[in-house]
Amino acid sequence: MKKYLKEIGGGFYSLMLGMRVTLAQFFKPTVTVHYPHESLKMTPRFRGHIELVRDPKTGQAMCFACKVCEKACPSDCIIVEGVKKEGEKRKSVTEFKLDFTKCSLCGSCVEACKSNAIQFSKAYNMVSMNKEDFIMNLFQKLESERSADGQATATPPPEQPKSEVP
Amino acid sequence: MSAPEVIPASDKPCETFVLNVGPQHPATHGVLRLKLTMDGEYIMRAEPVCGYIHRMHEKMGENRTWAQFLPNTGRIDYLAAMAYNHAYVAAVERAAKIAVPPRAEYIRVITTELNRISSHLVWFGAFLLDLGGFTPLLYAFDDREQILDMLEAVTGSRLTYCYYRFGGVCNDVDADFIRGCRDFVARLRPRLKMYRTLVTDNIILRKRLEGIGFISQEMCRKYGATGPVIRGSGVAYDVRKIEPYSVYREFDFDIPTFPEGDCMARYLVRMEEMAQSLRIIEQAVDKLPDGPVLSSGVPRVLKPPAGDYCFAVEAARGRFLVRIVSDNKEIPYRVRLRTPCFSNLSLFEEATAGMMLPDALAVLGSLDLVIPDIDR
Numbered sequence: 002m003k004k005y006l007k008e009i010g011g012g013f014y015s016l017m018l019g020m021r022v023t024l025a026q027f028f029k030p031t032v033t034v035h036y037p038h039e040s041l042k043m044t045p046r047f048r049g050h051i052e053l054v055r056d057p058k059t060g061q062a063m064c065f066a067c068k069v070c071e072k073a074c075p076s077d078c079i080i081v082e083g084v085k086k087e088g089e090k091r092k093s094v095t096e097f098k099l100d101f102t103k104c105s106l107c108g109s110c111v112e113a114c115k116s117n118a119i120q121f122s123k124a125y126n127m128v129s130m131n132k133e134d135f136i137m138n139l140f141q142k143l144e145s146e147r148s149a150d151g152q153a154t155a156t157p158p159p160e161q162p163k164s165e166v167p
Numbered sequence: 033m034s035a036p037e038v039i040p041a042s043d044k045p046c047e048t049f050v051l052n053v054g055p056q057h058p059a060t061h062g063v064l065r066l067k068l069t070m071d072g073e074y075i076m077r078a079e080p081v082c083g084y085i086h087r088m089h090e091k092m093g094e095n096r097t098w099a100q101f102l103p104n105t106g107r108i109d110y111l112a113a114m115a116y117n118h119a120y121v122a123a124v125e126r127a128a129k130i131a132v133p134p135r136a137e138y139i140r141v142i143t144t145e146l147n148r149i150s151s152h153l154v155w156f157g158a159f160l161l162d163l164g165g166f167t168p169l170l171y172a173f174d175d176r177e178q179i180l181d182m183l184e185a186v187t188g189s190r191l192t193y194c195y196y197r198f199g200g201v202c203n204d205v206d207a208d209f210i211r212g213c214r215d216f217v218a219r220l221r222p223r224l225k226m227y228r229t230l231v232t233d234n235i236i237l238r239k240r241l242e243g244i245g246f247i248s249q250e251m252c253r254k255y256g257a258t259g260p261v262i263r264g265s266g267v268a269y270d271v272r273k274i275e276p277y278s279v280y281r282e283f284d285f286d287i288p289t290f291p292e293g294d295c296m297a298r299y300l301v302r303m304e305e306m307a308q309s310l311r312i313i314e315q316a317v318d319k320l321p322d323g324p325v326l327s328s329g330v331p332r333v334l335k336p337p338a339g340d341y342c343f344a345v346e347a348a349r350g351r352f353l354v355r356i357v358s359d360n361k362e363i364p365y366r367v368r369l370r371t372p373c374f375s376n377l378s379l380f381e382e383a384t385a386g387m388m389l390p391d392a393l394a395v396l397g398s399l400d401l402v403i404p405d406i407d408r
């Protein structure tokens, strides 16, 4: 009987101690970020989907279609094509497709690239109802950026993958 | 067609029914299905049915290069991906005889231990969620978020890190990370004390876990259970101590064991392990040497010499072993993965025989199962 009462007393005390922790937490500031209204900044090493890097001098893609990234990819989600134009030393990229539905964001492609021609995007809230939006034509995207900068070429702006905050 | 034999209800020895838990059930944390043969509230036989998310990781290892298989290993146990990457990377390093710089080894230890704490915090929250307490999950995720933010800044990812490389790690850690580690150790110690007050000493939890789900040492040995499950039965089996790998030999830490073998013992083992991991992190950060983080002698096309190599690590849930068979080609001949959760689950049937259903779910939670780890 004494043991029973002691257990009740001890149990009640343990509950009170727990309640004290909860009560103390009530007066502490919130730790959550109210996401749609505010969002966190991505760290510099954040691995988003990849994108092509433009040469700051010429505005062209740095990529010369050596296909190392294509080989390094474990999920076969990159397709690179390039042609050798006359009068140029090396090939220039004509097609760079990323199938983001297959990508596992491992970063092997960026690591394999010796000419730093691809980098990680910082986009992380990519939403779409269509699967096709995630098959990204990165070269076309780069070209449209170029034309937006008013630096020659009259390629029509392609459909951008939707990147929107829900 | 003969008439079915009619047995009077009173003559039946016992009337059982089959209760199906899962594959989509909040208490199973994944697609695990349990076929419970019940006699009223009591379980006669609990049969786990696995294979719902079998992804053929072992077979995938046989058709991609050594480096290409690395992202897969992080996806076997997504809560403790660092340890899994470590085991695979170290197995290949052992095969190809690649030396790892000391700084890289220390970084591996720090990140693996941080990952172990974050994994145990998820278990802590989810386990108590199973038992009906919602609040601890929020506290645990607050702490876990600190770890994930630190690891994200270093590795670039929050769960499937893919941070280790053959011969080291891919990025060096910066001063921010070191400071973050020190701050985190200082932060989590009082928080662990607070968890003790809030949860561990709670009379409701104690009544719910003490004496429930006894797992004997023999049962652990019979089924090959490792990790906190075997340590909760009083066996001090930890790969970090038994066969020290990496630089674990240089740290002073204990292996917490509790001889009771019930759910509470397994709970206490994991809570104590977090404190021990903090000790390791503290020492590793103090001792962190300078130097390169990636060995320069790694060939671009890796072809380990023919042979059979093993490497075991202590993952958050127990002993994870990678066995690779090489035939001196660019792709592995065989990658065998021995995962802890599969063995830990296999004793579930014997441990829960004759138990009540809510207690069985407590046992399931105390085993800390990650379903992709079972199915892989």
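Residue numbers (the working numbering), protein chains in the order written: chain X, 2 to 167; chain Z, 33 to 408.
For each residue, glycine too, the CB sits at the ideal point set by N, CA and C.
Around the Cβ of Z:Gly54, a 10 Å sphere holds 16 or more other Cβ atoms; the residue is buried. Rounded to whole angstroms, the gap between the alpha carbons of X:Tyr14 and Z:Arg302 is 25 Å. Taking a contact as a CB-CB distance under 8 Å, the pair X:Ala62 and X:Phe140 counts as one, their CB atoms being some 7 Å apart.
Z:Asn234 and X:Glu8 have their C-alpha atoms roughly 12 Å apart. Taking 8 Å as the upper bound on Cβ-Cβ separation, chain X lies near residues Met226, Thr229, Leu230, Val231, Asp233, Asn234, Ile235 of the region 223-235 of chain Z.
For the beta strand (DSSP E) assignment, the uninterrupted runs of no fewer than 3 residues enclosed by the region 101-137 of chain X are, from N- to C-terminal side, 119-121. X:Gln26 is the residue among X:Phe135, X:Arg21, X:Gln26 whose C-alpha sits nearest the C-alpha of Z:Leu170. Close to X:Pro75, with beta-carbon spacing below 7 Å, are these residues of chain Z in chain order: Arg96, Gln100, Pro103.
No Cβ-Cβ contact shorter than 8 Å links Z:Asp322 with Z:Cys82. A residue is called buried when at least 16 other Cβ atoms come within 10 angstroms of its Cβ; Z:Asn104 meets this threshold and is buried. Rounded to whole angstroms, the separation of the alpha carbons of X:Lys4 and Z:Tyr84 is 49 Å. A straight-line Cα-Cα distance of about 41 Å links X:Arg46 and X:Met20. Annotated as proximal: Z:Ala115 and Z:Ala347, with beta-carbon spacing under 8 Å. The alpha-carbon separation between Z:Leu153 and Z:Leu399 amounts to approximately 14 Å.
Taking 8 Å as the cut-off, the beta carbon of Z:Val141 is found closer than this to the beta carbon of Z:Val279. Closest in alpha carbon position to Z:Trp155, among Z:Val317, Z:Met306, Z:Leu310, Z:Met388, is Z:Met306.
Residues of chain X with a Cβ closer than 7 Å to the Cβ of Z:Ser189 are, in chain order, Arg48, Leu106.
Burial is judged here by how many other beta carbons sit within 10 angstroms of a residue's own beta carbon; X:His38 has fewer than 16 and is exposed. Selection Z:Phe101, Z:Pro288, Z:Ala112 evaluated against Z:Leu180 yields Z:Ala112 as nearest (Cα-Cα). When DSSP states are grouped into helix, strand and coil, Z:Thr192 belongs to the coil group. In this structure, Z:Leu320 sits away from Z:Leu220, with a CB-CB distance that is not shorter than 8 Å. Contact between Z:Phe198 and Z:Ala316 is ruled out by a C-beta separation of about 22 Å, above the 8 Å threshold. X:Thr44 reaches chain Z at Asp181, Glu184, Ala185, Val186, Gly188, counting residues in chain order whose Cβ is nearer than 9 Å. Taking 4 residues as the shortest admissible run, the region 265-337 of chain Z contains the following complete alpha helix (DSSP H) segments, listed from N- to C-terminal end: 271-274, 295-319. The Cβ neighbour count for Z:Asn147, taken over all protein chains shown within 10 Å, is at least 16; the residue is labelled buried. The region 264-280 of chain Z makes no contact with the region 362-374 of chain Z, as fewer than three CB pairs between them are under 8 Å. For Z:Gln308, the number of other beta carbons within 10 angstroms of its own is at least 16, and it is reported as buried. Excluding residues up to 5 positions away in sequence, Val279, Ala316, Lys319, Leu320, Pro321 lie with their Cβ nearer than 8 Å to the Cβ of Z:Tyr138 in the same chain. Contiguous alpha helix (DSSP H) elements confined to the region 31-78 of chain X occur at 69-73, taking only those with 4 or more residues. Between the region 172-188 of chain Z and the region 373-391 of chain Z, the count of C-beta pairs closer than 8 Å stays below three; the two stretches do not touch.
Bounds of the beta strand (DSSP E) holding Z:Tyr74 are 74-81.
Distance check between X:Pro75 and each of X:Ala118, X:Ser116, X:Leu24, X:Val111 places X:Val111 closest, using alpha-carbon atoms only. Only residues of its own chain outside the window of five on either side were considered, and among them Asn360, Lys361, Glu362 have a CB closer than 7 Å to the CB of Z:Lys335, listed in chain order. In the DSSP assignment, Z:Val124 is bridged to no other residue. Distance from the CA atom of Z:Pro222 to the CA atom of Z:Glu177, rounded to whole angstroms, is 17 Å.
For the region 121-135 of chain X, the set of positions with a beta-carbon nearer than 8 Å to some beta-carbon of chain Z reads Phe121 in chain order.
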